[in-house]
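Going from the sequence shown to my numbering is simple: count from 1 and add 154.
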Amino acid sequence: MERRSLFYWSQMYLMGLNKGEDYITLNPAITINILGHTIFPGEPLHSMYSIYNIKTGRRLNEDMELHFLEVPKFKKKPINKMTRMERWLGYFSNQLNDEEMEELAMIDTAIKNAVNDTAIFMQDMEERLKYINRQMAIMDYNTDMRISREEGREVGREEGRVEGEKNADRRTAFNMLKAEEPIEKIIQYTSLTEKEIQALAKQL
155 MERRSLFYWS QMYLMGLNKG EDYITLNPAI TINILGHTIF PGEPLHSMYS IYNIKTGRRL
215 NEDMELHFLE VPKFKKKPIN KMTRMERWLG YFSNQLNDEE MEELAMIDTA IKNAVNDTAI
275 FMQDMEERLK YINRQMAIMD YNTDMRISRE EGREVGREEG RVEGEKNADR RTAFNMLKAE
335 EPIEKIIQYT SLTEKEIQAL AKQL
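Structural data, given as structure tokens:
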């Protein structure tokens, strides 16, 4: 997840610079990861990462912000006691009842819009079917990948063994070529063909 977030950030940052433009035209890029699982035990529910000097703590600049919101760390409390960040986490947490969600929407206009959009989505059968089909496609893909990995592990073990032996023979042949040993002798000490040994010789 950390690397995925960095990758997304880098793509956004690069898109802010057109070919031939000066670096000063780059805009800050911010990624916000709303997570249904915990990846930073012992840290607060909202973590922000950037680039800092590890000795002085000085921040390089404000162009990078990687935010991680870990929903499982959300602790339910009265709506009027929540910060704006906690209100959004409450919205995503599925821990609030209908009355609490209504109160949340009354306090925060952005969340009210999100609640309304969700209601429209749930009422629109066509949109729901599209969503369900997307979810099914993802589950089918994940299942197929899991099965392929399980089948591939067995094949991979055998292929890995053979490839490992082949690599060892290549190293032996390479060293013998450097020692100017004749190809006929290398064939005797390895499983490589004359053509494969000649290809290695070209690399020298």
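Glycine is no exception: its CB is placed at the ideal position from the N, C-alpha and C atoms.
None of the values given here were measured: they were computed from a predicted structure.
Helix, strand or coil: how does DSSP classify residue i here?
i      : result
Met202 : strand
Arg157 : helix
Arg213 : strand
Lys235 : helix
Glu335 : coil
Thr192 : coil
Asn251 : coil
Glu304 : helix
Ser164 : helix
What do you reckon, are the CB atoms on residue i and residue j nearer than 8 Å?
i      : j      : result
Arg282 : Asp262 : no
Leu250 : Val225 : no
Asp217 : Pro182 : yes
Trp163 : Thr185 : yes
Ala353 : Leu331 : no
Ser363 : Glu219 : Missing from the structure shown is residue 363; the chain here goes from 155 to 358 and no further.
Met155 : Asn187 : yes
Met260 : Val269 : no
Lys231 : Leu199 : no
Rounded to whole angstroms, what's the CA-CA distance from residue i to residue j? Just pull it up for me.
i      : j      : result
Asp298 : Lys284 : 21 Å
Tyr295 : Ile301 : 10 Å
Glu338 : Arg325 : 16 Å
Lys229 : Met236 : 10 Å
Glu319 : Asn329 : 16 Å
Thr192 : Glu348 : 56 Å
Leu346 : Glu304 : 31 Å
Glu334 : Ile351 : 12 Å
Arg212 : Ile274 : 46 Å
Asn248 : Ile265 : 14 Å
Gln165 : Tyr177 : 15 Å
In the DSSP assignment, what residue or residues form a beta bridge with residue i?
i      : result
Phe222 : Asn187, Ser201
Count the other C-beta atoms from every protein chain shown that fall within 10 angstroms of the C-beta of residue i, then say buried if there are 16 or more, exposed otherwise.
i      : result
Tyr245 : buried
Ala327 : buried
Phe222 : buried
Leu358 : exposed
Leu258 : buried
Ile292 : exposed
Thr210 : exposed
Ile233 : buried
Ile340 : buried
Thr272 : exposed
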